Amino acid sequence: MVNIRIYNNIRKLRFANNEMTQADLANEVGVTRQTIAAVESGKYSPTLELAFRITHAFKVSLEEVFSHEIEEDRLKKEKSK
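Our numbering applies: residue 631 is where the sequence shown begins, and numbers increase by one.
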């Protein structure tokens with residue numbers, strides 16, 4: 631199994647966008663401030679729809695907001711040794 635870690639630049643983009651608050655972004659994309667806080671901190675992975683809403687709010691591409699890292703499963707690595 632492959633583990634995927636998702637990273638985001640939401641905080642950086644908010645501050646570059648006239649210091650937009652989490653509440654402002656939440657209102658713009660139709661979710662709660664708590665949802666934005668959870669996505670921003672990496673505690674929650676957004677749905678694809680929410681990810682696109684966030685990119686639309688900042689007028690940037692998906693790659694400018696989100697990135698990922700693939701980690702191979704430990705068991706798979708150990709078996710290949």
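Note that the Cβ used here is the ideal one computed from N, Cα and C, for glycine as well. Remember, it's a predicted structure, so these values are computed and weren't measured experimentally.
Asked, Found
"Does Ser691 come out as helix, strand or coil in the three-state DSSP assignment?", "coil"
"Taking Cβ positions, are Val669 and Asn638 nearer each other than 8 Å?", "yes"
"Checking the sheet assignment: what are the DSSP bridge partners for Arg641?", "Looking at the DSSP assignment, Arg641 forms no beta bridge with any residue, so it has no partner."
"Output the distance between the C-alpha atoms of Ser691 and Asp703, rounded to the nearest integer angstrom.", "30 Å"
"How would you label Val659, buried or exposed, when you count the other beta carbons within 10 angstroms and need 16 or more for buried?", "buried"
"What are the boundary residues of the alpha helix (DSSP H) that includes Ser697?", "Ser697 -> not in any alpha helix (DSSP H); beta strand (DSSP E) instead, spanning Phe696 to Glu702."
"For the alpha helix (DSSP H) holding Val661, just list the boundary residues, first then last.", "That residue, Val661, is in no alpha helix (DSSP H); it is neither H nor E in DSSP."
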